[in-house]
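In the numbering used here, the protein residues as written are 249 to 668. Note that the Cβ used here is the ideal one computed from N, Cα and C, for glycine as well. Values in this document were obtained by computation on a predicted structure and should not be read as measured data. As structure tokens, the structure follows; a few thoughts come after it.
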Amino acid sequence: MSKTHATATPGALSDLRVLDLSGPIGHYAGRLLADLGADVIKVEPPEGDRARRWAPSLPGVVAPEASVPFVLLNANKRGITLDIADVRGRADFLRLLSSSDVLLESWTPSEALRLGLTEDALRAARPDLIHASITGWGLSGPYAEWAYADIVANAMSGVMALAGFADGPPEQLPDHQGYHAASINTAAGVMAALLHRDATGQGQRVEASMLESLLMAEETAMQQADILGTDRGRTGGQGALGFKMPGLGIYETTDGHVYAMCTGNAGSGFPGLVQLMRALDGSTRLDEEPYASLIATSFSTTQIMALMADPNRAPTVGRMLADVEGEVVAFFRRHPKETVYVRGQELRVLVGAVNGPAEILASEQLGARRWWRDIEDPARGHLRYPGFPWSLEGTPATLRRPAPTLGQHTDEVLREVGAR
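And the structure:
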């Protein structure tokens, strides 16, 4: 990997320069590379990236510097403005590209052609370029030129069809899951391409689509449709079982909710949940017959599925499962979620508190790991950023700078490459 700038901060990728021309679909890819030390230069049109207009906004900060999503996903980057549709702007961009290792962009094929920035034009400026294209549907096929957004890809990937309950409509996922999935896959592809370039001296094209990045989030729904010819559909907390298994799913507590997964071999299973019920309540009806025998001998998902597949036994077993589930529901409703979680951990019960943002901010675990990163932003004041998804012992990720203001580093960067 070639040294491309004199002010590199020590980090695993501190010898790399990355040009980030991607839209919101690729912001996190650039952020990941920047966190690892790369000199990532966010190239925006003169009016600014459209994500600068996204809500929510930082209080007391004037647009276009107030968008929380933009500030979050563009930290550690330098920022310049260029009109790459203009002759001079395109010339400045190609000069900058000639000293860069990686290009991130989100153009459709026709957009690249219209800009005059085809693969041949880019590679003429930098023959060993790692050129990453991040789009909604990919660069080929009938959808290649179609518009996209995160929520559209969530719908068309089939993920949304699996979210929700059987008697309700598909549910929307939290925003930007598709954008982040495509960005993560792009960053991984870029790293692999850089390793290949180190070994061979050759650059290459890296392509990631939001549609394909989301498909693994379907678990095995596609394989079920392909192999068994059945549609898994929406199952809520049941997962892929097709019936309500006691001890599996979201349960209401006195102060919120917990998620329990007490149906398999991990942890102490359902017997562990019964032990937790005894510990907090003193006793439980599940120690009585006929439930005690069922729990003691047949309470794995595999065994219950076999019983439910037997038409002669399924009605009786189904009624017993409903009774057991009723006891589980009543138990959780009697206790605070933190009590259930902490005591459950002591008994190796797979149960976790459903935390909201305020509880994440106050997390004892994240605090102990010093996960949060604080920085003084001259344009926005004191900011606290989320930490990094990994820790590298020898070349740690660092928060070196806040997100750039619009055009903040234009003159600085263009002077570095002799364009000013």
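For M553, the number of other beta carbons within 10 angstroms of its own is below 16, and it is reported as exposed. Judged by pairs of C-beta atoms under 8 angstroms, the region 526-534 does not touch the region 602-620, as fewer than three such pairs exist. For G615, the secondary structure class from DSSP, reduced to helix, strand or coil, is helix. In the structure shown, S305 falls within a strand segment according to DSSP collapsed to helix, strand and coil. Assignment of L370 by DSSP, reduced to helix, strand and coil, places it in the helix class.
In the three-state DSSP reduction, A380 falls in the strand class (E or B). Only exposed fits W638, as fewer than 16 other CB atoms lie within 10 angstroms of its CB.
Per DSSP, M493 lies in no alpha helix (DSSP H) segment and is marked neither H nor E.
For N603, the closest alpha carbon among the candidates R649, P652, T501 is that of T501.
Between V291 and L330 the beta-carbon gap is near 6 angstroms, inside 8 angstroms, which marks them as a contact. Here the alpha carbon of I273 sits roughly 25 angstroms from the alpha carbon of G412. Our two residues, G517 and G477, have alpha carbons roughly 31 angstroms apart in a direct line. Uninterrupted alpha helix (DSSP H) stretches at least 4 residues long and entirely within the region 300-359 occur at 316-321, 335-345, given in chain order. The C-alpha of L654 lies about 14 angstroms from the C-alpha of V309.
By the CB criterion at 8 angstroms, G364 and R338 fall inside the cutoff.
The beta-bridge partner set that DSSP reports for H630 consists of E624. Contact between the region 550-564 and the region 630-644 is absent, with fewer than three C-beta pairs closer than 8 angstroms. The beta carbons of L377 and G451 sit about 5 angstroms from each other, so the pair counts as a contact at 8 angstroms.
The way I'd put it, the region 377-386 does touch the region 453-471; three or more beta-carbon pairs between them come closer than 8 angstroms. In the structure shown, the three-state DSSP call for D297 is coil. Residue environment for Q656: buried (at least 16 other C-beta atoms within 10 angstroms of its C-beta).
Between V319 and R628 a beta carbon distance of about 7 angstroms is seen, short of the 8 angstroms cut, so the two are scored as contacting.
The beta carbon of R371 lies closer than 8 angstroms to those of L377, H379, G451 in the same chain, with the five residues before and after it left out.
Apart from sequence neighbours up to five positions away, the residues of its chain that approach L614 with a beta-carbon distance below 8 angstroms are I608, W620, G635, ordered along the chain. Per the coordinates, the alpha-carbon of W394 lies some 28 angstroms from the alpha-carbon of G327. Under the 10 Å beta carbon count, S348 is surrounded by 16 or more other beta carbons and is classified as buried. Around the beta carbon of I332, a 10 Å sphere encloses 16 or more other beta carbons of the protein chains shown; the residue is thus reported as buried. Here L280 is near A435, since their CB atoms are less than 8 angstroms apart. Unbroken alpha helix (DSSP H) runs of no fewer than 4 residues, entirely contained in the region 496-561, are found at 517-529, 539-546, 549-556, following chain order. Partner residues in a beta bridge of Q471, as assigned by DSSP, do not exist. Here E455 carries a strand assignment [DSSP, helix/strand/coil].
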